[in-house]
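What follows is a short report on a single structure.
Residue numbers (this note's numbering), protein chains in the order written: chain A, 202 to 387; chain B, 202 to 387.
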């Protein structure tokens, strides 16, 4: 069958353009430690030789962002893949059943009105570029709900850490039941 | 790989519990005409023998419904599969790129404030039961964005037709670029 062209696979193993600098398990089970991560702009079925895991996600339509917020994001954000961005982070996240059972308005209320997710993200633009991949509605049963990929220059890593600390102390993060922070160097 | 347990496949061909009574193409390309439709509570890869098409979708979290609307839906709705429901409809729908590029608040505004999608749906409860399957974020490239399945008793088919006429004349439906209405008899 023809593949959804928006699917990306992150393959953890011994090859790939990104070297793993550190892996921190913030919630839930760890993933097997790997040396490198390779990005494939397709769905990789099964495990390539030498790989220990493969995480798939698809880019999709916006889920919470309003038109006004998007305008501010678009005016300020950079795209993944700048030559200056020699650092990256892959942060796979799973949210609890309690999150997913909530209605759209209840999730939006926690996400932005109370946790300021977009507002916090805006504060580090354009230094930190971000791309979000959704896993929950793929055909395969995936271990995470989201794969967030960030890239930035080495000098911006401290700002990235402050961003994550703010998000992780928010009400939204009470619904995160698995999170792994994998830092990468090109 | 283990499958997403929320995926359903509708297989059109010569076998299956539902006999096709009529097929109406409302927008976009037709599907090959079939005699029967079989429901599989899994992702069927490729085409079973005798089948002319297979459409996959996954149930997922609510996208537009508010907590207050859900309360009214839950208080009134019936589940698919009642013994009295010997009629059904499978309505696959695709929406335009223009729809998907809009932000959440803009889509919600069209969906409910201006098109009254949920309000119109509430008016036929509990006679018409509905189940929604999302196709857009599956791993495969699917020809529709949604598969909506309804079941009801024969005497409620006129109310179902009135419901569809209201929705199809709404602003939301200007964004529907492919729609096929397949009526089924058990």
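Cβ coordinates follow ideal geometry from the N, Cα and C atoms, glycine included. Please read all numbers here as calculations on a predicted model, not as lab measurements.
| query | At what residues does the beta strand (DSSP E) containing residue 335(A) begin and finish? | reply | Your numbering for residue 335(A) matches position 134 in the first chain. Start and end: 330-335.
| message | Along the chain, where does the alpha helix (DSSP H) containing residue 309(A) start, and where does it finish? | response | Here residue 309(A) refers to the residue found at position 108 when the first chain is read from its first residue. 305-309 is the extent of the alpha helix (DSSP H) around residue 309(A).
| Interfacial residues, the segment 290-321 of chain B to chain A, with Cβ spacing under 9 Å | 300, 301, 302, 303, 304, 305, 306, 307, 308 and 309
| Delimiting residues of the beta strand (DSSP E) encompassing residue 208(A) | On the first chain, position 7 is the one that residue 208(A) refers to. Segment 208-214, the beta strand (DSSP E) holding residue 208(A).
| Under the rule that 16 or more other beta-carbon atoms within 10 Å means buried, what is residue 233(B), buried or exposed? | The residue given as residue 233(B) occupies position 32 in the second chain. Burial call: exposed.
| query | Taking 7 Å as the CB-CB cut-off, is residue 268(B) touching chain A? | reply | Translated into positions along the second chain, residue 268(B) becomes position 67. So, interface residue.
| Do we get a CB-CB distance below 7 Å when we pair residue 241(B) with the residues of chain A? | Working through the second chain from its first residue, we reach residue 241(B) at position 40. No, because no Cβ of chain A sits closer than 7 Å to the Cβ of residue 241(B).
| query | Can you check whether the CB of residue 244(B) is closer than 7 Å to the CB of residue 427(B)? | reply | Nothing in the structure corresponds to residue 427(B), since chain B is present only between 202 and 387.
| Which runs of the alpha helix (DSSP H) spanning at least 4 residues fall entirely within the segment 258-322 of chain A, listed in chain order? | 268-277, 298-301 and 305-309
| message | Per DSSP, what are the beta-bridge partners of residue 361(A) in this structure? | response | The count along the first chain starts at 1 and reaches residue 361(A) at position 160. None; residue 361(A) has no bridge partner.
| Would residue 204(B) count as contacting chain A if we go by Cβ distances under 7 Å? | Here residue 204(B) refers to the residue found at position 3 when the second chain is read from its first residue. Taking Cβ atoms only, chain A reaches closer than 7 Å to residue 204(B), which makes this a yes.
| task | Report yes or no: is there a C-beta of chain A within less than 7 Å of the C-beta of residue 338(B)? | result | In the second chain, the residue the question calls residue 338(B) occupies position 137. By this cut-off, residue 338(B) is an interface position.
| query | Does any heavy atom of the ligand GTP sit closer than 6 Å to the C-beta of residue 271(A)? | reply | Absence of the ligand GTP from the depicted structure is noted, as is the absence of any ligand whatsoever, leaving it without description.
| task | Check the Cβ-Cβ distances between residue 261(B) and every residue of chain A, and say whether any is below 7 Å. | result | Here residue 261(B) refers to the residue found at position 60 of the second chain. At least one chain A Cβ lies under 7 Å of residue 261(B).
| task | Compare the Cα-Cα distances from residue 282(A) to each of 230(A), 365(A), 337(A) and 327(A) and report the closest residue. | result | In the first chain, the residue the question calls residue 282(A) occupies position 81. Measuring from the Cα of residue 282(A), the nearest candidate turns out to be 327(A).
| task | Would you mind reading off the limits of the beta strand (DSSP E) that contains residue 225(B)? | result | Within the second chain, the letter at position 24 stands for residue 225(B). Note, residue 225(B): beta strand (DSSP E), 219-228.
| query | At which residues does the beta strand (DSSP E) containing residue 242(A) begin and terminate? | reply | Mapped onto the first chain, residue 242(A) falls at position 41. It is not in any beta strand (DSSP E) - residue 242(A) carries neither H nor E in the DSSP assignment.
| task | Give every residue of the same chain whose Cβ lies closer than 7 Å to the Cβ of residue 351(B), excluding the five residues on either side of it in the sequence, and list them in chain order. | result | Translated into the one-based positions of the second chain, residue 351(B) becomes position 150. These residues qualify, in order along the chain: 289, 290, 329, 330, 331 and 361.
| message | Between which two residues does the beta strand (DSSP E) holding residue 340(A) run? | response | Counted from its first residue, the first chain places residue 340(A) at position 139. Looking at the DSSP string, residue 340(A) is not in any beta strand (DSSP E), and its letter there is neither H nor E.
| Any idea if residue 269(A) is buried or exposed, counting beta-carbon neighbours within 10 angstroms, 16 or more meaning buried? | As a position in the first chain, residue 269(A) is number 68, starting the count at 1. Label assigned to residue 269(A): exposed.
| query | Between residue 222(A) and residue 384(A), is the Cβ-Cβ spacing less than 7 Å? | reply | As a first step, residue 222(A) is located in the first chain; it is residue number 21 there, counting from the start. As a first step, residue 384(A) is located in the first chain; it is residue number 183 there, counting from the start. Yes, they are a contact pair.
| said: Suppose contacts are defined by Cβ-Cβ distances below 7 Å. Is residue 207(B) in contact with residue 339(B) by that definition? | reply: Residue 207(B) sits at position 6 when you count from the first residue of the second chain. Residue 339(B) sits at position 138 when you count from the first residue of the second chain. No. Outside cutoff.
| task | For residue 264(A), return the contacting residues in chain B, with the cut-off set at a CB-CB distance below 7 Å. | result | Within the first chain, residue 264(A) is the residue found at index 63, counting from 1. The answer, in chain order, is 305.
| task | Identify whether residue 366(B) lies in helix, strand or coil by the three-state DSSP scheme. | result | Start at 1 with the first residue of the second chain, and residue 366(B) comes out as number 165. It is helical.
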